[in-house]
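Student: When you line the sequence shown up against the UniProt record's numbering, it's residues 1 to 165, in that order.
Using N, Cα and C, we set each Cβ at its ideal position, and we do this for glycine too.
First, the structure itself, so that you have it in front of you.
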Amino acid sequence: MNDPAANWQSIRELFRVFLGNDVAFRKFIQTCNTKSRESGRLTYAQEERWNSFTNANPEFKSLTFEEVVAAFHVCHIHLKPLRSVEVPIRKDVVSVSRTRESEAQISQAAFYAIPFVVDSPAWGEATHLSVDHCEDCVRRRKQIETGHDHPTAATTGVNPRGRQE
Numbered sequence: 001m002n003d004p005a006a007n008w009q010s011i012r013e014l015f016r017v018f019l020g021n022d023v024a025f026r027k028f029i030q031t032c033n034t035k036s037r038e039s040g041r042l043t044y045a046q047e048e049r050w051n052s053f054t055n056a057n058p059e060f061k062s063l064t065f066e067e068v069v070a071a072f073h074v075c076h077i078h079l080k081p082l083r084s085v086e087v088p089i090r091k092d093v094v095s096v097s098r099t100r101e102s103e104a105q106i107s108q109a110a111f112y113a114i115p116f117v118v119d120s121p122a123w124g125e126a127t128h129l130s131v132d133h134c135e136d137c138v139r140r141r142k143q144i145e146t147g148h149d150h151p152t153a154a155t156t157g158v159n160p161r162g163r164q165e
């Protein structure tokens, strides 16, 4: 397999062990593939973690931002390489108002949620959106679309408490 993300497996494992916290590791990955990629830089929290890691592992100090983001271009749920796929835009989803408490619960659960639904009239006539997903996420999406079931620990590999199964 000639996948750039697979070439970075060892650095991801070293970083994961260094952090000693699976949730922080997955959050770092998720942020690399969203906020950091969009802004063109690591967030403050990411910089702190990355600098601590490179101080302990100076051989990685010379990595550029682009190389760091490439190293962590994997699914934060399944830890498999991401690839660009076209997903349908669901226009039949209605936004609902949320209380502060429910918003906090949704925010905590969203870390392991599968982001397949786009609720926005701004998409106009578009029917699909290009997103990065791993093969397992694509497979899950197809199961959900066909109505077979909803995400569970058995299908996502993550139990409700956020621990890897």
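What's the gap between the Cα of residue 32 and the Cα of residue 63?
Tutor: If you take the alpha carbons of residue 32 and residue 63, they lie about 14 Å apart.
Student: Would you say residue 9 and residue 28 are within 7 Å of each other, going by their C-beta atoms?
Tutor: No, they are not a contact pair.
Student: Starting from the C-beta of residue 82, find all residues in its chain whose C-beta is less than 8 Å away, skip the five residues before and the five after it, and write them out in chain order.
Tutor: Only 5, 33, 73, 74, 75, 132, 133 and 134 meet the Cβ criterion.
Student: With a threshold of 8 Å on Cβ separation, who are the neighbours of residue 147 within its own chain once the five nearest residues in sequence on each side are excluded?
Tutor: Nothing meets the Cβ criterion.
Student: Taking the DSSP output, what are the residues bridged to residue 128?
Tutor: According to DSSP, which records beta bridges pairwise, residue 128 is partnered with 88.
Student: Between 20, 24, 139 and 66, which has its C-alpha nearest residue 42's C-alpha?
Tutor: Checking every option, the nearest Cα to that of residue 42 belongs to 66.
Student: Using the Cα positions of residue 87 and residue 144, report the straight-line distance between them to the nearest angstrom.
Tutor: One C-alpha to the other measures close to 13 Å.
Student: Excluding sequence positions up to five away, which residues of its chain have a Cβ less than 6 Å from the Cβ of residue 19?
Tutor: If we look at residue 19 and ignore the five residues flanking it on each side, its Cβ neighbours are 25.
Student: Let me confirm a value: residue 68 is counted as buried when at least 16 other C-beta atoms fall within 10 Å, else exposed. Which label applies?
Tutor: Flag for residue 68 reads buried.
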